[in-house]
Amino acid sequence: TDIATNTTNINNLSDSITTLTDDALLWDAASGAFSANHNGSASKITNLAAGTLAADSTDAVNGSQLFATNENVSQNTADITTNTNSINQNTTDIATNTT
């Protein structure tokens, strides 16, 4: 009876480990990285806390951090276009004033 109980417990534990392995973020030694592969398909990692944004940070960033960066890049691009247009107008005005 004890052997049968232990065998059942070991089998249940083995099944639980297999299920966990199927659902876990696992180290892929061949690629040298963690893999979120599920049944041959890439998977999202959700509920990731914001990573530290610093020169020496090795944290992962999340979607909201990347979105904020993209918004800043878009604004900077618009500002650069505005400044370029202003510089071109100033160049034209200066040329007009010197003749």
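If you use my numbering, the sequence shown closes out at 92, no skipped numbers anywhere.
Using N, Cα and C, we set each Cβ at its ideal position, and we do this for glycine too.
Straight-line gap, Phe27 to Asp21 (C-alpha atoms, nearest Å): Position 34 of the sequence shown, counted from the first residue, corresponds to residue 27. Position 28 of the sequence shown, counted from the first residue, corresponds to residue 21. Whole-angstrom Cα-Cα distance: 6 Å.
Given Gly33 as reference, the closest of Gln58, Asp15, Gln82 once Cα atoms are compared: Locating residue 33 in the sequence shown gives position 40, where the first residue counts as 1. With distances taken between Cα atoms, Gly33 lies closest to Asp15.
Under 8 Å between C-beta atoms of Ala29 and Leu18: Locating residue 29 in the sequence shown gives position 36, counting from the first residue. Locating residue 18 in the sequence shown gives position 25, counting from the first residue. Pairing Ala29 with Leu18 gives a Cβ-Cβ distance under 8 Å.
Beta carbon of Ala43 nearer than 8 Å to that of Gln58: Residue 43 sits at position 50 when you count from the first residue of the sequence shown. Residue 58 sits at position 65 when you count from the first residue of the sequence shown. Yes. Within cutoff.
Contact check, Leu41 vs Asn63, beta carbons under 8 Å: Sequence index remark: in the sequence shown, residue 41 carries index 48 (1-based). Sequence index remark: in the sequence shown, residue 63 carries index 70 (1-based). Against a cut-off of 8 Å, the Cβ pair of Asn63 and Leu41 comes out as no contact.
Own chain, CB closer than 8 Å to Ser50, minus 5 neighbours either side, in chain order: Stepping through the sequence shown from its first residue, residue 50 is reached at position 57. Same-chain partners within the cutoff: Gly44.
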